[in-house]
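> Questions regarding the structure given below will be posed in turn.
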Ligand code: THU
C-alpha cells in the first residue's frame with residue numbers, strides 16, 4: 001500500500017462532519033496521474049442523508065473529470081483500533097465506479113492493513129448487466 005495515500009486519508013480524518021456518530025471515516029483514491037483525491041463522511045440531522053467517506057471521494061473524483069479506469073488504489077481509514085470495511089451502499093457504488101481488480105486497503109488506527117480487491121467486496125452485486 002502507498003504510504004502517501006494513507007497519510008492523505010489521515011490528514012483529512014478530522015474534517016469528517018460526524019456530529020451524530022462521532023465516527024470519523026476518510027477515504028483516499030490514488031489516481032494513475034499521481035494525484036490523490038480524498039473524502040470524509042458528512043452527516044446530517046436527517047440521518048439517512050449522511051454521506052460516507054468512500055462515496056464523497058468517488059463523487060469528487062468524478063466531479064474533477066476522472067473516470068473509473070483512472071483509479072489505481074483505494075484506502076479507507078478511521079480512528080478505530082479495529083478493522084472497518086466499506087458499508088454495503090459504498091460497495092455497490094464502488095462496484096460501478098472503481099475497477100474490479102483495484103486493491104482496497106482498510107487501515108485501522110494501529111496501522112494494521114487489510115487488503116481486498118474491489119470485486120471481492122461485493123460478490124453477486126447488482127450491475128448494469130442486470131438492467
Ligand atoms: N461510514 C462511512 O463513512 N463509510 C463506511 O463505509 C461505513 C460508515 C460513516 C457513515 C456514518 O457517518 C458513520 O460512518 C457511522 O455509521
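Numbering (my numbering), first residue to last: 1 to 131.
All C-beta atoms in this analysis are idealised placements derived from N, C-alpha and C, irrespective of residue type, glycine included.
Should residue 41 be counted as a contact of the ligand THU given a C-beta to heavy atom distance under 7 Å?
Checking the Cβ of residue 41 against the ligand THU gives yes.
> Thinking residue 115 and residue 13 are a contact (beta carbons under 8 Å), I'd like their distance in whole angstroms, please.
Contact flag wrong, Cβ pair sits at about 19 Å.
> Give me, in chain order, the residues of the same chain whose beta-carbon lies closer than 7 Å to that of residue 99; leave out the 5 immediate sequence neighbours on both sides.
Only 68, 69, 71, 118 meet the Cβ criterion.
> Beta carbon of residue 18: closer than 7 Å to some heavy atom of the ligand THU?
Yes, since a heavy atom of the ligand THU falls inside the 7 Å radius drawn around the Cβ of residue 18.
> Determine, using beta-carbon pairs with one atom in the stretch 86-101 and one in the stretch 39-46, whether at least three such pairs fall under 8 Å.
No, the stretch 86-101 does not touch the stretch 39-46.
> Which first and last residues belong to the beta strand (DSSP E) in which residue 106 is found?
Taken as a continuous stretch (DSSP letters only), the beta strand (DSSP E) holding residue 106 covers 103-107.
> Can you check DSSP and say which residues form a bridge with residue 30?
DSSP, once it has assigned bridges, lists 36, 73 as partnering residue 30.
> Please report the Cβ distance between residue 75 and residue 102, rounded to the nearest whole angstrom; I am assuming they are in contact, meaning their Cβ atoms lie under 8 Å.
The pair is not a contact, with the Cβ atoms about 11 Å apart (cut-off 8 Å).
> If you drop the 5 nearest sequence neighbours on each side, which residues of the same chain put their C-beta closer than 6 Å to that of residue 37?
Here the set comprises 29, 57, 60, 61.
> In three-state terms, what does DSSP make of residue 84?
Here residue 84 sits in coil by DSSP.
> Output the boundary residues of the alpha helix (DSSP H) element that contains residue 158.
Missing from the structure shown is residue 158; the chain here goes from 1 to 131 and no further.
> Let me check one thing: in DSSP terms, what residues is residue 25 bridge-paired to?
Answer by DSSP bridge pairing, in chain order: 78.
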